[in-house]
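Trainee:
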Amino acid sequence: MILFPKAKINLGLSVIEKRPDGFHNVETAMVSLALTDVLELIPNRIGNTQFEITGLDIAGDRKSNLVWKAWEIMQRRFDLPAVNIHLHKVIPSGAGLGGGSSDAAAMINLCNHQFKLGLQEAEMEMLVKPLGADCAFFIKSRPAMATGKGDELSSLSLALQKYRIVLVKPEIHVNTVEAYTWVTPSQKESSLLQIIYSDIHLWKENLINDFEEPVFLHHPALKIIRDKLYEKGAVYASMTGTGAAVYGIFDQEINLTDEFQDCFVWQGKLS
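One rule links them: number in the numbering used here = place in the sequence shown (from 1) + 1360.
What follows is the structure in structure tokens.
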């Protein structure tokens, strides 16, 4: 059985306050993209689970990968038999695209279908939550507002299908833990939900990712990318998550592959 774990982007990202547990309360909207990894799960007849990773290089050993950790959760909870796992990486890591979290959620989904466990979406969300704040979003991969640590989800009804997106990821890595030290948490005057439901042409002035300003100071190349996307006609452009991927939303067909040399570039439709 094969699933295609999707990438996501953040539409705005507000850091509201630091929590007693050391995490931060945030507010952000997330939408998934047709940019996907590939995750395959097949029965193993020798009784020893195998895990193969191909495609883009990712840091860490296989046992630290969120796919493996998700498998361990499911295997222990439901006493599952050995399997062969193949993850083919297409989504860049360290980009703010949620690739690892999406892979973990896909493993939960795969186990549920492969072994006919009958789990509901809410149950799968609870199983994957310990692996990361945004993991639960990828159980459905449907537009959602995320609050709390980023794991409290509510549905969004967005009509973005007519828009195109250009995603650019340079060879820059932003450490998420460090990025949080660059941001001063604050309550916002306008709710992000109100901004999201406003005219998309107002987003440029009002829809803010709190990480952009400090991350751009440390990595000016990211600001150059965002500004170029605006120069090329984006109605809205932003960094996603804590970076280092930057995206532009366009209201017409556009091809910018040649504009960003030595960068990962993906272009597609919003859903």
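Glycine included, each C-beta is placed from N, C-alpha and C at the ideal position.
Compute the Euclidean distance between the alpha carbons of Thr1536 and Ile1362, then round it to the nearest angstrom.
Mentor: Residue numbering aside, residue 1536 sits at position 176 when the sequence shown is read from its first letter. Residue numbering aside, residue 1362 sits at position 2 when the sequence shown is read from its first letter. Taking the straight line from one Cα to the other gives about 30 Å.
Trainee: Could you tell me the alpha carbon to alpha carbon distance between Leu1582 and Leu1589, rounded to whole angstroms?
Mentor: As a working note, residue 1582 is residue 222 in the sequence shown. As a working note, residue 1589 is residue 229 in the sequence shown. Cα to Cα, the separation comes out at about 11 Å.
Trainee: Taking DSSP as the reference, what is the three-state secondary structure of His1579?
Mentor: For the purposes of this step, residue 1579 is identified with residue 219 of the sequence shown, where counting begins at 1. Residue state, collapsed to three classes: coil.
Trainee: If Gly1372 sits next to Leu1567, beta carbons under 8 Å apart, how far is it from one beta carbon to the other, in whole angstroms?
Mentor: Here residue 1372 is taken as the residue at index 12 of the sequence shown, counted from 1. Here residue 1567 is taken as the residue at index 207 of the sequence shown, counted from 1. Correct: roughly 4 Å between the Cβ atoms.
Trainee: List the DSSP bridge partners of Trp1626.
Mentor: For this step, residue 1626 is matched to residue 266 along the sequence shown. Note: Trp1626 sits in a beta bridge opposite Leu1527.
Trainee: Straight-line CA distance for Ala1419 to Ser1453?
Mentor: On the sequence shown, position 59 is the one that residue 1419 refers to. On the sequence shown, position 93 is the one that residue 1453 refers to. Computed Cα separation, rounded: 8 Å.
Trainee: Going by beta carbon distance, what residues of the same chain come within less than 6 Å of Ile1555, once the five residues before and after it are set aside?
Mentor: Position 195 of the sequence shown holds residue 1555. Asn1566, Leu1567.
Trainee: Compare the Cα-Cα distances from Arg1405 to each of Leu1440, Glu1549, Leu1518 and report the closest residue.
Mentor: Position 45 of the sequence shown, counted from the first residue, corresponds to residue 1405. Nearest option by C-alpha distance: Leu1440.
Trainee: Going by DSSP, what residue range makes up the alpha helix (DSSP H) through Thr1396?
Mentor: Your numbering for residue 1396 matches position 36 in the sequence shown. Element bounds for Thr1396: not the alpha helix (DSSP H) but the beta strand (DSSP E), 1384 to 1396.
Trainee: Quick one, which of Met1599, Arg1524, Ile1468 has its alpha-carbon nearest Gly1628's?
Mentor: For the purposes of this step, residue 1628 is identified with residue 268 of the sequence shown, where counting begins at 1. Checking every option, the nearest Cα to that of Gly1628 belongs to Arg1524.
Trainee: For Gly1459, does the three-state DSSP call read helix, strand or coil?
Mentor: Numbered from its first residue, the sequence shown carries residue 1459 at position 99. Reduced to three states, the DSSP call for Gly1459 is helix.
Trainee: Determine the direct distance from the alpha carbon of Glu1432 to that of Glu1412, and round the result to whole angstroms.
Mentor: Numbered from 1 along the sequence shown, position 52 holds the residue referred to as residue 1412. Numbered from 1 along the sequence shown, position 72 holds the residue referred to as residue 1432. The alpha-carbon atoms of Glu1412 and Glu1432 are separated by roughly 15 Å.
Trainee: Following the continuous alpha helix (DSSP H) through Asn1566, name the residue where it begins and the one where it ends.
Mentor: The count along the sequence shown starts at 1 and reaches residue 1566 at position 206. 1563 to 1566 is the span of the alpha helix (DSSP H), which, as asked, contains Asn1566.
Trainee: Just to confirm, is the Cβ distance from Gly1459 to Asp1397 under 9 Å?
Mentor: The residue you call residue 1459 lines up with position 99 of the sequence shown. The residue you call residue 1397 lines up with position 37 of the sequence shown. Going by C-beta atoms, Gly1459 is nearer than 9 Å to Asp1397.
Trainee: Measuring alpha carbon to alpha carbon, tell me which residue in Ala1466, Arg1437, Ser1461 is nearest Ile1445.
Mentor: Here residue 1445 corresponds to residue number 85 of the sequence shown, with the count starting at 1. Closest option to Ile1445, Cα to Cα, is Ala1466.
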